[in-house]
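Novice: Numbering (UniProt numbering), first residue to last: 1 to 189.
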Ligand SMILES: Nc1ncnc2c1ncn2[C@@H]1O[C@H](COP(=O)(O)OP(=O)(O)O)[C@@H](O)[C@H]1O
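(1) What's the C-alpha gap between residue 63 and residue 148?
(2) By the three-class DSSP mapping on this structure, what secondary structure does residue 71 have?
(3) Quick one: is the Cβ of residue 152 within less than 8 Å of any heavy atom of ligand 1?
(4) At a threshold of 8 Å, does residue 176 count as lining ligand 1 (C-beta to nearest heavy atom)?
(5) Beta-carbon within less than 8 Å of residue 133's beta-carbon, same chain only, minus the 5 sequence neighbours each way: which residues are those?
(6) Could you spell out the range, first to last residue, of the alpha helix (DSSP H) harbouring residue 53?
(7) Here's the rule I'm using: 16 or more other beta-carbon atoms within 10 Å means buried, otherwise exposed. How should residue 51 be labelled?
(8) Is the Cβ-Cβ distance between residue 113 and residue 49 less than 9 Å?
(9) Can you tell me the Cβ-Cβ gap for residue 177 and residue 163, rounded? I've got them flagged as a contact below 8 Å.
(10) When DSSP labels each residue in this structure, what does residue 112 get in the three-state scheme?
(11) Report the residue from 108, 94 and 93 whose alpha carbon sits nearest the alpha carbon of residue 80.
(12) Relative to the C-alpha of residue 39, which candidate in 140, 70, 138 and 102 has its C-alpha closest?
(13) Determine the contact status of residue 86 and residue 76, defining contact as a CB-CB distance below 9 Å.
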């Protein structure tokens, strides 16, 4: 499937604003790939496609979960904010016919992160947060770190931000984000 076909398919799955966000993430991921030495084409595809499952209706979620025997954990069930990444990874493989494991896993882990992320997974995770239209307290600092060779520091700060945000909202914390944070903390010490 070429880029034009991927883009057109995505336009039918996402509202205009989210499609623009996806393009921004793709462009940001390409810039970061130049800095950190990652495959630019793969990064672009992973970036543009990362939110493909974000706007599924409940019955579509059920359909894909059944069709691809997707195993969602307790926190992901009935929580599209978390599960869209996992479900999206199956859609990337089976509906977009993309068989590149790095692209698939970058989509799968873009919301929670995970321990021991590889370069493209890190790039898509952080590009999702710092693309040009993102605007939240602390985003400039994340951009500074990311564009100045401090990708892991930016990630660590992002995991901390997410964990604090989830606690402030009285939600359950997905353990993958805690594992991702602890992994980087231990690596840095
Ligand atoms: N570790 C986590 N535990 C629980 N919820 C989480 C966790 N990480 C992310 N989330 C949820 O996912 C949402 C962010 O998802 P994300 O795909 O980054 O959305 P967006 O692109 O719209 O910002 C958060 O608002 C939060 O509710």
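Cβ coordinates follow ideal geometry from the N, Cα and C atoms, glycine included. Quick caveat, the model's predicted, so the values are computed rather than measured.
Specialist: Inspection of the coordinates gives the following:
(1) Here residue 63 corresponds to residue number 63 of the chain shown, with the count starting at 1. Here residue 148 corresponds to residue number 148 of the chain shown, with the count starting at 1. Between residue 63 and residue 148, the C-alpha separation is close to 43 Å.
(2) As a first step, residue 71 is located in the chain shown; it is residue number 71 there, counting from the start. Of the three classes helix, strand and coil, the one that applies to residue 71 here is coil, per DSSP.
(3) Taking the chain shown and counting its residues from 1, one reaches residue 152 at position 152. No.
(4) On the chain shown, residue 176 is found 176 positions in, with the first residue counted as 1. Correct: residue 176 has its Cβ closer than 8 Å to ligand 1.
(5) Taking the chain shown and counting its residues from 1, the one referred to as residue 133 is at position 133. Answer for residue 133: 20, 21 and 24, listed in chain order.
(6) Along the chain shown, one-based indexing puts residue 53 at 53. Residue 53 -> no alpha helix (DSSP H), and no H or E assigned at all.
(7) Working through the chain shown from its first residue, we reach residue 51 at position 51. So residue 51 counts as buried.
(8) As a position in the chain shown, residue 113 is number 113, starting the count at 1. As a position in the chain shown, residue 49 is number 49, starting the count at 1. Not in contact: residue 113 and residue 49 (Cβ atoms no closer than 9 Å).
(9) Within the chain shown, residue 177 is the residue found at index 177, counting from 1. Within the chain shown, residue 163 is the residue found at index 163, counting from 1. The beta carbons of residue 177 and residue 163 sit about 6 Å from each other, so the pair counts as a contact at 8 Å.
(10) In the chain shown, the residue the question calls residue 112 occupies position 112. Three-state result, residue 112: coil.
(11) Your numbering for residue 80 matches position 80 in the chain shown. For residue 80, the closest C-alpha among the options 108, 94 and 93 is that of 108.
(12) Position 39 of the chain shown, counted from the first residue, corresponds to residue 39. Ranking 140, 70, 138 and 102 by Cα distance to residue 39 puts 102 first.
(13) Here residue 86 refers to the residue found at position 86 when the chain shown is read from its first residue. Here residue 76 refers to the residue found at position 76 when the chain shown is read from its first residue. Cβ distance < 9 Å, so residue 86 and residue 76 count as in contact.
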